[in-house]
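Q:
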Amino acid sequence: MPVIVVGADTAVGEKIIGQMIGPDREVRAFVSDPHAGARLKDQGVKVALGDLSDTSHVSGACLRCHTAVLICEASRDGREISFATDALEVFTCWVQAVADAGVRRVIWVADHPVPTATVPEQAIVDSNLPQEQIADQVAALDDAASLQSNTHQA
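Under the numbering used here, the first residue of the sequence shown carries the number 657, and numbering increases by one thereafter.
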């Protein structure tokens, strides 16, 4: 089932993409850096380029994805966000976007509380962990048949 990594042009996003690429998984990336997008395309990743704070951009990229991995670092790393004034507004955009797109599972990569997405399953992976461990946990959560509850702390 398709998975999209929103904020795939962060260091941890690229590590997650690298962990998830394989013949059994369609991996997509949402980036705002065209150079990072080109690198990911070269790896066989389907790439959407847009503004992380634009609900319609993010929602369009998430269409027909089962899982959305939301890298919170991307909302506050200095990149341009035209439709939000702070990270919380970006998170609100993402919650609306994944709901609009019909995403079934959200995996947040964050070191702080995040809004509850209106999706059947949600998990949080601590962004303070080493990047390899984050990537492993995200891949395991995406592979899981179920997260057993609406919110799961990895």
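We put the CB at the ideal spot given by N, CA and C, even for glycine.
All values derive from a computational prediction rather than experimental measurement.
Taking only the alpha-carbon atoms, compute the straight-line gap between L719 and T711 and give it to the nearest angstrom.
A: Roughly 12 angstroms separates the two Cα atoms.
Q: Expressed to the nearest angstrom, what Euclidean distance is found between the alpha-carbon atoms of A796 and A724?
A: Rounded to the nearest angstrom, the two C-alpha atoms are 14 angstroms apart.
Q: Do the CB positions of V765 and V794 come within less than 9 angstroms of each other?
A: Yes. Within cutoff.
Q: Could you give the first and the last residue of the continuous beta strand (DSSP E) run that contains A704?
A: First-last of the beta strand (DSSP E) with A704: 702-705.
Q: Can you have a look at S731 and say buried or exposed, based on whether 16 or more other CB atoms are within 10 angstroms of its CB?
A: Counting Cβ neighbours within 10 Å, S731 comes out buried, since at least 16 surround it.
Q: Rounded to whole angstroms, what's the CA-CA distance from A704 to L785? Just pull it up for me.
A: Their backbone Cα atoms lie some 27 angstroms apart in a straight line.
Q: I'd like to confirm the pairing. Which residues does DSSP put opposite I763 in its beta bridges?
A: Beta-bridge pairing links I763 to V725, A779.
Q: Which residue's Cα is closest to the Cα of E670: S709, D792, G758?
A: Per the Cα distances, D792.
Q: What does the alpha-carbon distance come out to for the pair A717 and F686?
A: Whole-angstrom Cα-Cα distance: 7 angstroms.
Q: Would you list the residues sitting across from F686 in a DSSP beta bridge?
A: DSSP lists V662, A704 as partners of F686.
Q: What does a CB cutoff of less than 6 angstroms around G693 pick up in its chain, not counting 5 residues either side in sequence?
A: Excluding positions up to five away in sequence, the list reads V687, V703, L705.
Q: Would you list the one or two residues that DSSP bridges to R681?
A: DSSP lists G678 as partners of R681.
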